[in-house]
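Peer 1: Each residue of the sequence shown is one higher than the one before, counting from 1 in the UniProt record's numbering.
Ideal Cβ positions, reconstructed from N, Cα and C, are used throughout, including at glycine.
Bear in mind that the values here come from a model prediction, so they are computed numbers and not experimental data.
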Amino acid sequence: MKDTETKINWKARWIWVNEQDREGFHFCYFRKEFLIKEKTKAKLYCTADSKYRVWVNGKYTGFGPARGHPEHPYYDTYNIELNKGKNVVAFLVEHYTKPTSIFAVVEGGLICQIEDSNGLIVATDSLWKAKTAQAYTWLENLLFPECFDANLEPENWEKLEFDDTSWENATEKINTKLAPVSNIIPRIIPLLTEKLLVPQKILHVYKVLRETNDFLDKEKICETLWKAKQLDIEKDTIKQELKTPCKWKNNICLGLSPDSGICMIIDFGFETLSSIEICTEGHSGVIVDFGHSECLLNNSVPTMWQSPSLKQAERIILRNGITCHRTNQPRGFRYMVIRIFNPLQTRCDVILRSVSAYEEIYPAKNNGSFRCSDKIFENIHRLSARTVNLCMEDAYTDCPWRERSQWVGDAQPEALFNYYCFGAYDISKKAVTEFTSGNTEEGWIPGVFPLSKPFNLPTWGMRIPVIVWEYYLFTGDYETLAGAYPGVKKQMEWLLKYTDNNGFFNYRDGWNFVDWTKVDDRHADGAVQGWFLESLIYGEKIARQLKDKQSAEKFHKHAELLKKTIAKLYWCEEKKAFKKYRDKNPDNLIGQQENFLFIRLGVGTKTQRRLALENIAGITGMYLPNLGDYQSAHTQENMGNYIGQDIIRVASPFWSFYALLCLCEAGKIKEAINYIRLCWGVMLEFDATSCWEMWDRHTSLCHGWSAAPAMVLPAYVAGIKPVKPGFKQFEVSPYVFCFEWVEAKVPTPDGIIGLVWRIKQNNQLFVEVDVPDGIEGRFIVPEGFSSGRKEKVLLKSGKNKLVFKRKR
Numbered sequence: 001m002k003d004t005e006t007k008i009n010w011k012a013r014w015i016w017v018n019e020q021d022r023e024g025f026h027f028c029y030f031r032k033e034f035l036i037k038e039k040t041k042a043k044l045y046c047t048a049d050s051k052y053r054v055w056v057n058g059k060y061t062g063f064g065p066a067r068g069h070p071e072h073p074y075y076d077t078y079n080i081e082l083n084k085g086k087n088v089v090a091f092l093v094e095h096y097t098k099p100t101s102i103f104a105v106v107e108g109g110l111i112c113q114i115e116d117s118n119g120l121i122v123a124t125d126s127l128w129k130a131k132t133a134q135a136y137t138w139l140e141n142l143l144f145p146e147c148f149d150a151n152l153e154p155e156n157w158e159k160l161e162f163d164d165t166s167w168e169n170a171t172e173k174i175n176t177k178l179a180p181v182s183n184i185i186p187r188i189i190p191l192l193t194e195k196l197l198v199p200q201k202i203l204h205v206y207k208v209l210r211e212t213n214d215f216l217d218k219e220k221i222c223e224t225l226w227k228a229k230q231l232d233i234e235k236d237t238i239k240q241e242l243k244t245p246c247k248w249k250n251n252i253c254l255g256l257s258p259d260s261g262i263c264m265i266i267d268f269g270f271e272t273l274s275s276i277e278i279c280t281e282g283h284s285g286v287i288v289d290f291g292h293s294e295c296l297l298n299n300s301v302p303t304m305w306q307s308p309s310l311k312q313a314e315r316i317i318l319r320n321g322i323t324c325h326r327t328n329q330p331r332g333f334r335y336m337v338i339r340i341f342n343p344l345q346t347r348c349d350v351i352l353r354s355v356s357a358y359e360e361i362y363p364a365k366n367n368g369s370f371r372c373s374d375k376i377f378e379n380i381h382r383l384s385a386r387t388v389n390l391c392m393e394d395a396y397t398d399c400p401w402r403e404r405s406q407w408v409g410d411a412q413p414e415a416l417f418n419y420y421c422f423g424a425y426d427i428s429k430k431a432v433t434e435f436t437s438g439n440t441e442e443g444w445i446p447g448v449f450p451l452s453k454p455f456n457l458p459t460w461g462m463r464i465p466v467i468v469w470e471y472y473l474f475t476g477d478y479e480t481l482a483g484a485y486p487g488v489k490k491q492m493e494w495l496l497k498y499t500d501n502n503g504f505f506n507y508r509d510g511w512n513f514v515d516w517t518k519v520d521d522r523h524a525d526g527a528v529q530g531w532f533l534e535s536l537i538y539g540e541k542i543a544r545q546l547k548d549k550q551s552a553e554k555f556h557k558h559a560e561l562l563k564k565t566i567a568k569l570y571w572c573e574e575k576k577a578f579k580k581y582r583d584k585n586p587d588n589l590i591g592q593q594e595n596f597l598f599i600r601l602g603v604g605t606k607t608q609r610r611l612a613l614e615n616i617a618g619i620t621g622m623y624l625p626n627l628g629d630y631q632s633a634h635t636q637e638n639m640g641n642y643i644g645q646d647i648i649r650v651a652s653p654f655w656s657f658y659a660l661l662c663l664c665e666a667g668k669i670k671e672a673i674n675y676i677r678l679c680w681g682v683m684l685e686f687d688a689t690s691c692w693e694m695w696d697r698h699t700s701l702c703h704g705w706s707a708a709p710a711m712v713l714p715a716y717v718a719g720i721k722p723v724k725p726g727f728k729q730f731e732v733s734p735y736v737f738c739f740e741w742v743e744a745k746v747p748t749p750d751g752i753i754g755l756v757w758r759i760k761q762n763n764q765l766f767v768e769v770d771v772p773d774g775i776e777g778r779f780i781v782p783e784g785f786s787s788g789r790k791e792k793v794l795l796k797s798g799k800n801k802l803v804f805k806r807k808r
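1. By how many angstroms is the C-alpha of residue 348 removed from the C-alpha of residue 239?
2. Name the DSSP beta bridge partners of residue 577, please?
3. My guess is that residue 245 and residue 201 are in contact by the Cβ rule of under 8 Å, so how many angstroms apart are they, rounded?
4. Do you know how far the Cα of residue 767 is from the Cα of residue 800?
5. Leaving out five residues before and five after residue 43 in sequence, what residues of the same chain have Cβ atoms less than 8 Å from its Cβ?
6. Where does residue 1 land, buried or exposed, given buried means 16+ other C-beta within 10 angstroms?
7. Helix, strand or coil for residue 10? Go by DSSP, reduced to three states.
8. What do you get for residue 204, buried or exposed, if any count of 16 or more other CB atoms within 10 angstroms of its CB means buried?
9. Please confirm if the region 503 to 523 is in contact with the region 418 to 436, defined as three or more CB-CB distances below 8 Å between the two stretches.
10. Between residue 25 and residue 94, which are expected to be in contact by the criterion C-beta below 8 Å, what is the C-beta distance as a whole number of angstroms?
11. Can you tell me where the beta strand (DSSP E) holding residue 34 begins and where it ends?
12. Over what stretch of residues does the alpha helix (DSSP H) that includes residue 528 continue unbroken?
13. Going by beta carbon distance, what residues of the same chain come within less than 7 Å of residue 655, once the five residues before and after it are set aside?
14. Check for me: the alpha helix (DSSP H) holding residue 757 runs from which residue to which?
15. Between the alpha carbons of residue 636 and residue 234, how many angstroms are there, rounded?
16. Once DSSP output is grouped into helix, strand and coil, what is the label at residue 593?
17. Name, in chain order, the residues that DSSP records as bridge partners for residue 357.
18. Kindly identify the DSSP beta-bridge partner or partners of residue 349.
19. Among 257, 267, 261, which one has its Cα closest to the Cα of residue 249?
20. Look up residue 293 in the DSSP assignment and say whether it is helix, strand or coil.
21. Measuring CB to CB, does residue 525 end up less than 8 Å from residue 600?
22. Report the three-state DSSP secondary structure of residue 559 (helix, strand or coil).
23. Specify, as a first and last residue, the run of the alpha helix (DSSP H) that residue 69 falls within.
24. Taking just the CA atoms, how far does residue 317 sit from residue 336?
25. Can you tell me whether residue 161 is helix, strand or coil according to DSSP?
26. What is the DSSP secondary structure of residue 430, reduced to helix, strand or coil?
27. Give the straight-line distance between the Cα atoms of residue 143 and residue 403, rounded to the nearest whole angstrom.
28. In three-state terms, what does DSSP make of residue 653?
29. Hey, out of 539, 109, 782, 121, whose CA is closest to residue 87's CA?
30. Do residue 465 and residue 535 have their beta-carbon atoms positioned less than 8 Å apart in this structure?
31. How close, in whole Å, do the beta carbons of residue 662 and residue 596 come, if the pair is a contact with beta carbons under 8 Å?
32. Just tell me which of 340, 284, 129, 334 has its CA closest to the CA of residue 290.
33. Any idea what DSSP makes of residue 487, helix, strand or coil?
34. Taking Cβ to Cβ, would you say residue 324 is nearer than 8 Å to residue 693?
35. What first and last residue would you give for the beta strand (DSSP E) that runs through residue 75?
36. Would you kindly check if the distance between the Cβ of residue 709 and the Cβ of residue 384 is under 8 Å?
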């Protein structure tokens, strides 16, 4: 349980082992036994660099901490029960000794304090016991894959009855770079889930033989899992009858000949971000190797997918008897391959008692929903909502499989999707606060947070005012807006510092990423200026709200200049659309990215915007993105095409979000609906359980930035949008021409707005809107219908029932 209001009088000290850091990561055990006179309820406060798991009296309690600023790390709070007499608290701490973007690493350390209503019970100091965990060895790759040798783990080390007298005392960290205790702050989001999942199916079982010594090499697990010859299973190798594919079964008994193994391909049924737990019973030295992936390739789990940088296979070496081990890092996957290999000289039996996964994501509640008369859109909305949640850990992340990093540009749309699906505002508050308190000395905000070595991604910096204002619009949290403004202002001042006489942003040293095409991944021009213009517009909104008139006028004046010069220098009279480059533009190249963005931002005349929208629709008139993946730049082998192309198309579902916003706001909602049906429908056709990063299956198959329907359907089809901060005033402007009925729910800080509309056979539109107390709305009467009253109908708290007749 979390307690964000607790003020701790820290008596605890940072502790660690008195040893050199190990390669890749350094795992340590910590224990403290203590006596109390009476049974009591207490609170346990703790944090660590970099990840901990904690047990109280042998009972697993939880893990953490949340990533954050190293100068102000978060601590976690647990409600625990202590027994009369002897008690023990035990920690397993993993300190990352390689650079990573999932935590701001400083140096190894643990701090813990336990209190009850009478005061301090125990706190970390040099009287705690500590021991390096020799059982864990790093397997060189991203996200810290591990080799766990159960023979090197002190059995039952976390239990009350364990004897730790032979362990060394912990070392108090006196001269440390870790934050002083006065800087440690309470966690502001809930603890993550640890939901138990079990496999759905065994897809295939086969035998493998040790062809080379590579089978024993822990650094080549991915290679041998992928390349080993798949042989038929001999009789009596598996004691139970398994006719694959079949439902998952526990307690599978295997008879393994020397230098042979059994492999199983397992399907969990859907994408998850989970720590994997495997329980076996067998002989010491037997090896359990396992890998995971979001998809199958050639009917196998592609453990070499995008290798060598992304290998994430892992190993467990069994002890005699039962070995039950859970990986410390969660993995993004759907499929697993498990190889149980006998390196011994004699035949041995192994029981695969269980395989399970513990899903570690933000505990979002499904407060938002979208249903309609066409089932595919309900499925697409559910697909999108699940994707967003899988990319919500202790921060917004790009994806669960590859990086698990909080990119500013990914977080901006993900936050919007969250507001409509879940209304989990605290994770956005955390992101906004962390981003805007992280300016470098020069003023720019890093593109990824946290990161050991920050780098400048100017286009992501341009999204800062957008994510901050949208947080305020949906929550009404003025205090956070005001606290974020100094960081926003520094970012805007840095951007303005690198502008020319025409108002264009001209800084080429950073990574000006826009989209995954060859002309937009690093060398974009038009869309960069569009995002710069948008940052000025949102910067002005924030400044005016906070009554900083001088900055508001500065941002407004520059935005007006930029609008005019974009219209002048990017318009292509030949193609009646906006160009990708204002100079040195091959064949007057035009792109959907620039045109969607400029149109939405009101660049040029109404006639120019109308012509541009017509001329990027393509031959089909459907505004199709790069579904064939011919222009993509996501791999070195496939750097895409642009020479001779009439239009550079949107390459990713990420940029399709901005395309859909433009279409909807330009009144082309029918086109947006068809776009969603086709593009996200393709994912469903191919068994997707989350939204893909790209329009093919060559990269991440769960990417938060790709979940546009999560927002577009309730915001523009159901038509529910905030008008004033905190949804204190909202509008419902439904699009009623593609469906027979729609039901939608949208969370707000004051409760859930519910909408149902149906068109009856007599061409009457029946509408019911549930409005929470404390807010009010306006219903915009759809074109072609009449209420006999005004075009806008007031929506008060409670149930609002409306009927409209179709005009003749």
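Peer 2: Quick answer:
1. Here residue 239 refers to the residue found at position 239 when the sequence shown is read from its first residue. Here residue 348 refers to the residue found at position 348 when the sequence shown is read from its first residue. Using only the alpha carbons, I get a separation of about 13 Å.
2. Within the sequence shown, numbered from 1, the residue matching residue 577 stands at position 577. Answer is 572.
3. In the sequence shown, counting from the first residue as 1, residue 245 sits at position 245. In the sequence shown, counting from the first residue as 1, residue 201 sits at position 201. Their Cβ separation, rounded to whole angstroms, is 5 Å, which keeps residue 245 and residue 201 in contact under 8 Å.
4. Taking the sequence shown and counting its residues from 1, one reaches residue 800 at position 800. Taking the sequence shown and counting its residues from 1, one reaches residue 767 at position 767. Cα-Cα distance, rounded: 8 Å.
5. Translated into positions along the sequence shown, residue 43 becomes position 43. So the list reads 3, 6, 77, 78, 79, 80, 114, 115, 116, once near-sequence residues are dropped.
6. For this step, residue 1 is matched to residue 1 along the sequence shown. For residue 1, the pLDDT reaches just 33, beneath the cut-off of 50, and the residue's location in the model is therefore unreliable, although a value from the coordinates is still provided. Per the 10 Å Cβ criterion, exposed.
7. For the purposes of this step, residue 10 is taken as the residue at position 10 of the sequence shown. Residue 10: coil per DSSP, three-state reduction.
8. As a first step, residue 204 is located in the sequence shown; it is residue number 204 there, counting from the start. By the neighbour-count rule (16 or more Cβ atoms within 10 Å), residue 204 is buried.
9. no
10. The count along the sequence shown starts at 1 and reaches residue 25 at position 25. The count along the sequence shown starts at 1 and reaches residue 94 at position 94. Indeed they touch by this definition, with Cβ atoms about 5 Å apart.
11. Taking the first residue of the sequence shown as position 1, residue 34 is located at position 34. 25 to 36 is the span of the beta strand (DSSP E), which, as asked, contains residue 34.
12. Residue 528 sits at position 528 when you count from the first residue of the sequence shown. Here the alpha helix (DSSP H) through residue 528 covers 526 to 545.
13. On the sequence shown, residue 655 is found 655 positions in, with the first residue counted as 1. Taken in chain order, the residues that qualify are 515, 593.
14. Working through the sequence shown from its first residue, we reach residue 757 at position 757. That residue, residue 757, is in no alpha helix (DSSP H); its beta strand (DSSP E) goes 751 to 759.
15. Mapped onto the sequence shown, residue 636 falls at position 636. Mapped onto the sequence shown, residue 234 falls at position 234. Summary for residue 636: the model assigns pLDDT 49, below 50, so the residue's position carries little reliability, and this model does not support an answer.
16. Along the sequence shown, one-based indexing puts residue 593 at 593. Helix.
17. For this step, residue 357 is matched to residue 357 along the sequence shown. DSSP lists 197, 276 as partners of residue 357.
18. In the sequence shown, the residue the question calls residue 349 occupies position 349. DSSP output for residue 349 lists 255 as bridge partner(s).
19. For the purposes of this step, residue 249 is identified with residue 249 of the sequence shown, where counting begins at 1. The option with the nearest alpha carbon to residue 249 is 267.
20. What you label residue 293 is simply residue 293 of the sequence shown in a count that begins at 1. If DSSP states are grouped into helix, strand and coil, residue 293 belongs with the strands.
21. Residue numbering aside, residue 525 sits at position 525 when the sequence shown is read from its first letter. Residue numbering aside, residue 600 sits at position 600 when the sequence shown is read from its first letter. In this structure, residue 600 does not lie closer than 8 Å to residue 525 by Cβ.
22. Mapped onto the sequence shown, residue 559 falls at position 559. Reduced to three states, the DSSP call for residue 559 is helix.
23. Within the sequence shown, numbered from 1, the residue matching residue 69 stands at position 69. Taken as a continuous stretch (DSSP letters only), residue 69 belongs to no alpha helix (DSSP H), as it is neither H nor E.
24. In the sequence shown, counting from the first residue as 1, residue 336 sits at position 336. In the sequence shown, counting from the first residue as 1, residue 317 sits at position 317. The straight-line gap from Cα to Cα measures roughly 18 Å.
25. Counting from 1 along the sequence shown, the entry for residue 161 is found at position 161. Here residue 161 sits in coil by DSSP.
26. Reading the sequence shown from its first residue, position 430 is the one you call residue 430. If DSSP states are grouped into helix, strand and coil, residue 430 belongs with the helices.
27. Sequence index remark: in the sequence shown, residue 143 carries index 143 (1-based). Sequence index remark: in the sequence shown, residue 403 carries index 403 (1-based). Using only the alpha carbons, I get a separation of about 7 Å.
28. Indexing the sequence shown from 1 puts residue 653 at position 653. Of the three classes helix, strand and coil, the one that applies to residue 653 here is helix, per DSSP.
29. Translated into the one-based positions of the sequence shown, residue 87 becomes position 87. Minimum Cα distance to residue 87 is reached at 121.
30. Here residue 535 refers to the residue found at position 535 of the sequence shown. Here residue 465 refers to the residue found at position 465 of the sequence shown. Against a cut-off of 8 Å, the Cβ pair of residue 465 and residue 535 comes out as a contact.
31. Taking the first residue of the sequence shown as position 1, residue 662 is located at position 662. Taking the first residue of the sequence shown as position 1, residue 596 is located at position 596. Confirmed, Cβ separation roughly 4 Å.
32. If you number the sequence shown from 1, residue 290 lands on position 290. Among 340, 284, 129, 334, the Cα nearest to that of residue 290 is on 340.
33. In the sequence shown, the residue the question calls residue 487 occupies position 487. Note: residue 487 maps to helix in three-state DSSP.
34. Along the sequence shown, read from residue 1 onward, the residue named residue 324 stands at position 324. Along the sequence shown, read from residue 1 onward, the residue named residue 693 stands at position 693. The answer is no: Cβ separation not under 8 Å.
35. Translated into the one-based positions of the sequence shown, residue 75 becomes position 75. Note, residue 75: beta strand (DSSP E), 74 to 82.
36. As a first step, residue 384 must be located in the sequence shown, where it is residue number 384. As a first step, residue 709 must be located in the sequence shown, where it is residue number 709. Yes, Cβ-Cβ distance for residue 384 and residue 709 is below 8 Å.
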